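If you read the sequences in order, they're chains A and B.
For the first sequence, this note's numbering assigns the number 89 to the initial residue and increments by one for each residue that follows.
For the second sequence, this note's numbering assigns the number 89 to the initial residue and increments by one for each residue that follows.
From the three backbone atoms N, C-alpha and C, an ideal C-beta is built for every residue, glycine too.
In this text, all values refer to a predicted model and were calculated from it rather than measured experimentally.
The block underneath contains the structure these notes are about, expressed in C-alpha cells.
2 protein chains.
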Amino acid sequence: MKHVTIKDVAKKLNVSISSVSRALNNKPDIKKETRELILKTAEDMGYTPNPIAKHLSERKSYIIGAVVPELMSEYFSQVVIALQDFLSSNGYQLIVMHSDENPELELKNVKTLIRNMVDGLIIAPVVGNMNKSFYLEKQKQDFPIVFMSRVSSSYPASKVIFNNTKWSFFATEHLIRQNYKKIYHLSGYKGMSVTKERVYGFEKALKKHKIPKERYKIIETGLNAEEGMEAIEDLIFNHDLPDAFFCVNDMVALGAIKKLKENGYKVPEDVAFIGFTETLMAELVTPQLSSVKQPTYKMAETAGKLLLEIINDNTTEVKTVVLNGELNIRNSSINPKSNIL
Amino acid sequence: MKHVTIKDVAKKLNVSISSVSRALNNKPDIKKETRELILKTAEDMGYTPNPIAKHLSERKSYIIGAVVPELMSEYFSQVVIALQDFLSSNGYQLIVMHSDENPELELKNVKTLIRNMVDGLIIAPVVGNMNKSFYLEKQKQDFPIVFMSRVSSSYPASKVIFNNTKWSFFATEHLIRQNYKKIYHLSGYKGMSVTKERVYGFEKALKKHKIPKERYKIIETGLNAEEGMEAIEDLIFNHDLPDAFFCVNDMVALGAIKKLKENGYKVPEDVAFIGFTETLMAELVTPQLSSVKQPTYKMAETAGKLLLEIINDNTTEVKTVVLNGELNIRNSSINPKSNIL
DNA sequence: TTGTAGGCGTTATCAC
DNA sequence: GTGATAACGCCTACAA
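Here's what the structure looks like:
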C-alpha cells in the first residue's frame, strides 16, 4: 500500500540516500556494482519515483496549459486529445481551458494557468487575437508560449499553423476546374486569421482563372451549421444562388446543404459544395462532402514539440511550422454536367 | 518573475512561516488582525500558493486517472472533456488514457496511472470488463475507483451508468407505434454490457406488444459506420430487409442508411431508422436521424463527484447512479404510411 | 496566539 | 565514490 521511497531503499542497503538517487538517475559518479545493486533492490522493493517530490525539487510543474477557443467541434477536441497524448508520453500533463471565443475569458484562463505554475502555454487565440500585448509581454519575460492554428504566419512567436491559403486555393481551383461558373464563399468571421487566409486563397484561384467579379461573392458567416443555413435562406430569398459553394468548414457546408435540400435543391446537381477542416461526417452524408483535411495529431504534436524545446533547451529562437493537408474530393463537388472525367 | 512564497511574506511581516500558513488556510488559532494583515500583504505581494509543495506535504497528487475504451467518438471525447472541466474546477487534474478496446492495454494504462500516484481512477472498461479481478483487488485495498458507462448495474463498485434498457425499450416501442412491422436491431458487440442491456430493452418492447419472432431479428455488429454498412450489405444480399432498424449507435445507423441509399432505398419511406447515443450529426443528415440522447456532461460530472466523495470523505459506500436520457424523434423514424398523427 | 522544528521525497552541493 | 546536509514550499505537531 505505502509507496516505497529512495530512503527505504537506502536503509535496506545501508547506503546513503544520495547514492540511491545517483544510481536511479544514471549519474556518473557511482561505482558500477553499487549502481546495479541499488537498481536491482529498488526494482525488487517495488520502488517508483514520486513525481511530485521531483517536481518540487526541480522547480518545475511538468504541467502545460492549453487554451483553445472551443471544445465542441471535432477539430479542437481531437487536437486537445492528441496534445494530451503527446505530452503525457513525454512526462508532462495538460490542463485545457476554453475561451468560448471570448477574449476576456481567454485572458482569465491564461492567467489562471500561469498562477497554477504551468511550465508553458499552448494557445489557439480567439478571433482577432485580442490579447496579443499580454502575450508579447510574457514572451519578453521568457515565458514559454507556442501558438496554434488561429494565428497568422507573420505573428512574432513560435507557432504551428495550417497553410490555409494554399488549400483554399486548391479547393477553389477544383471547383473552377469542375466547370462551375458562379462560386460563392461562405467565409466565417471576417476578423479571423484563418478566414482572411482562406479568402485570400479563394481570390487567388479566381484571379488565376480570370473569373470576373460578377461570378463570385464572399459571404461572411459564423462557424456553425445554423449560420450556414441562415446564409442559404438569405440567398434563396434574394434569388441569388451560385452553382457552387466553398465553405469555411464542414459544419457550415452541411447546414447550407440541409437548407437547400429542404427547399428542393439537389446537391451537387443544382449546387455543388466543398467544405474545409474535414470532419467524420464528410463521408457519411449523402452526397459525401468534399473537404480539406487538416492534420489534428500533427498539429498537436508539433505544437507540443516546439513548446518542450523552448522549455528544455531554453531556445529563444522563433520557429514557425506550416502544416499541409489534403484535398478529398467526393460527390458533393463533382459536376455531372462537366466534360471532365 | 520569481514566485513569492509564504517565507517571503513571513519575512516581510516579521512573523513566522506557520502564522502565514495558518492565515492563508483559515485555521482557527490565529488572531484576527494578524490574519487580515497577512492576507492583505500576501495579496499585495502577489503571493500564489505552490500547488506542488502543497501536494507533497499532503501526500496527495490531486491527479485523477481516467481510462476509456476510445477517444475517437463524439461520446467519449465529450465525456473526457467534461471530466477535465469538472475536475479542474475542483482543484484536480486529469490524465486520460485510452485502451483502444484492448483489455491488456487497459490494464497497462491503469497500472501506469497508479504508478504515477493518481488519487483515484475513473474507468470505462473494455468489452467484457476483463480486468475485473484486478479492480476488485484494488478496491479491497481502498483505492478509489469509479466506473462509468460500460458496466452493468449489478457490478460491485461505485459507478455511473446510463439506463440503456429503459431507453432502448422506448426507442423500440416508438418504432412499433409507428406501425413498423418488421424491426431489426443492429446491436454492437455481444459481450458489451450496454449491448446486452439494449437488447434486453428491445426484446422487452417486442414482448409487450406481442411481436412474434418472425418479425424481428438481432444482428451483432461493431460500433462504426463501416460495420453498419456491412450489416446492410448482408441483408440486401439475403433479401432480408426489415422496415425499421434500431441501431446500437448513430454511427452504425448512418453507415447503414448510407449503404441503403446507395442501393436505391429511401429512408424512412422504405426503411426507417433510430439510432442511440446521439451525435451532432443526427440533425444534419437527411433525413434527420431519430436517436436517444445521452447526457455526457452529467455522466462526467457524476463520476467525478462520486470519486471525489470517495477520496475526500473516505466513504466505502458503493453508490450507483443511473442516468436518464431523452428520445429525440426525427424524420428517419416517422412512418409516412402510418395513420398516427 | 505565535514560533520552532521536523517532515513530505527528491535533487544537488559540499565535504570526506 | 560516497555520505551528510541543505533546499524546494508548504503543513503541522509541539512547545512557548
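Item to complete: Report the neighbours of PRO157/A on chain B: residues whose CB is nearer than 9 Å to its CB, in chain order.
Response: Under the 9 Å cutoff, chain B gives no residues; its nearest Cβ is about 14 Å from PRO157/A.
Worksheet item: Can you tell me whether DSSP reads ASN267/B as helix, strand or coil?
Response: coil
Discussion item. Distance cutoff 9 Å, beta carbons only. Does LYS352/A sit that close to anything in chain B?
Written reply: Position check: residue 352/A holds Gly in this sequence, whereas Lys was assumed. No, its Cβ sits nowhere closer than 9 Å to a Cβ of chain B.
Worksheet item: So with Cβ pairs under 9 Å, would you call GLN382/A a contact of chain B?
Response: no
Worksheet entry | Supposed close pair LYS393/A, GLY413/A - CB separation, criterion 8 Å | About 19 Å; that fails the 8 Å criterion.
Discussion item. The beta strand (DSSP E) that contains GLY413/A, what's its start and end?
Written reply: It is not in any beta strand (DSSP E) - GLY413/A carries neither H nor E in the DSSP assignment.
Worksheet item: Does DSSP put ALA360/B in a helix, a strand or coil?
Response: Judged by DSSP in its simplified three-state form, ALA360/B adopts strand.
Item to complete: Spell out the partners DSSP gives SER379/B in its beta bridges.
Response: ASN416/B
Practice prompt. Answer yes if the region 258–270 of chain B comes into contact with the region 236–244 of chain B, meaning at least three C-beta pairs across the two stretches below 8 Å, and no otherwise.
Written response: no
Worksheet item: With C-beta atoms as the reference, is ASN267/A less than 9 Å away from LYS425/A?
Response: yes
Practice prompt. Could you tell me the boundaries of the alpha helix (DSSP H) in which GLY343/B lies?
Written response: 338–350 is the span of the alpha helix (DSSP H), which, as asked, contains GLY343/B.
Fill in: Nearest candidate by alpha-carbon position, reference ASN351/B, set THR374/B, PHE325/B, ALA370/B
PHE325/B
Worksheet entry | Listed by chain order, chain A residues near VAL373/B by CB distance under 9 Å | LEU342, LYS346, MET369, LEU372, VAL373, THR374
Item to complete: Determine which residues share a DSSP beta bridge with VAL184/B and list them.
Response: According to DSSP, which records beta bridges pairwise, VAL184/B is partnered with ALA154/B.
Discussion item. Just to make sure I have the definition right: I need the residues of chain B whose C-beta is within less than 7 Å of the C-beta of LEU144/A. Which are they?
Written reply: ILE140, ALA141, LEU144
Discussion item. Quick check: the region 139–157 of chain A against the region 195–212 of chain A, are at least 3 beta-carbon pairs closer than 8 Å?
Written reply: yes
Fill in: Beta-carbon gap between PRO232/B and LEU395/B smaller than 9 Å
yes
Worksheet entry | Nearest candidate by alpha-carbon position, reference ASN219/A, set ASP230/A, SER187/A, ILE345/A | SER187/A
Worksheet item: In three-state DSSP terms, what is LYS278/A?
Response: coil
Item to complete: Report the neighbours of GLN441/B on chain A: residues whose CB is nearer than 7 Å to its CB, in chain order.
Response: In the structure as shown, chain B begins at 89 and stops at 429. Residue 441/B is therefore absent and cannot be evaluated.
Discussion item. Please list the terminal residues of the continuous alpha helix (DSSP H) segment that includes ILE307/B.
Written reply: Unbroken run through ILE307/B is the beta strand (DSSP E), 304–307; no alpha helix (DSSP H).
Discussion item. If contacts are defined as beta-carbon pairs under 8 Å, then LEU348/A and VAL359/A qualify, I think. What distance do you get, rounded to the angstrom?
Written reply: 6 Å
Practice prompt. Give, in chain order, every unbroken run of the alpha helix (DSSP H) that is at least 4 residues long and sits entirely within the region 104–153 of chain B.
Written response: 105–112, 120–133, 139–146
Item to complete: State yes or no: is the beta carbon of GLU318/A nearer than 9 Å to at least one beta carbon in chain B?
Response: no
Worksheet item: Given that LYS349/B touches chain A, what residues does it touch there, using C-beta distances under 8 Å?
Response: THR374
Discussion item. My output table needs one value for PHE325/A: the three-state DSSP class, helix, strand or coil.
Written reply: Note: PHE325/A maps to helix in three-state DSSP.
Worksheet item: When DSSP builds the beta bridges, which residues end up paired with MET236/A?
Response: VAL248/A
Fill in: Candidates PRO356/B, GLU162/B, THR129/B, of which the one nearest THR367/A by Cα
GLU162/B
Worksheet item: Does the pairing of the region 98–115 of chain B with the region 395–411 of chain A give three or more beta-carbon distances under 8 Å?
Response: Short answer: they don't touch.
Item to complete: Inspect the CB distances between the region 312–319 of chain B and the region 335–348 of chain B and report whether three or more fall short of 8 Å.
Response: The region 312–319 of chain B is in contact with the region 335–348 of chain B.
Discussion item. So, with DSSP's three-state summary, where would you put LEU224/A?
Written reply: helix
Practice prompt. Verify the contact flag: ILE94/B, CB atom, against every heavy atom of the ligand NAP, threshold strictly below 8 Å.
Written response: In the structure shown, the ligand NAP is absent, as is every other ligand, since no ligand is present at all.
Discussion item. Only counting the same chain, and skipping five residues up and downstream in sequence, which positions put a Cβ closer than 7 Å to that of ALA388/A?
Written reply: VAL167, ALA170, LEU171, PHE174
Worksheet entry | Per DSSP, cross-strand counterpart(s) of LEU209/A | GLY153/A, ILE233/A
Worksheet item: From MET339/B to ALA313/B, what distance separates their C-alpha atoms?
Response: 5 Å
Fill in: HIS262/B (DSSP reduced to helix, strand or coil)
helix
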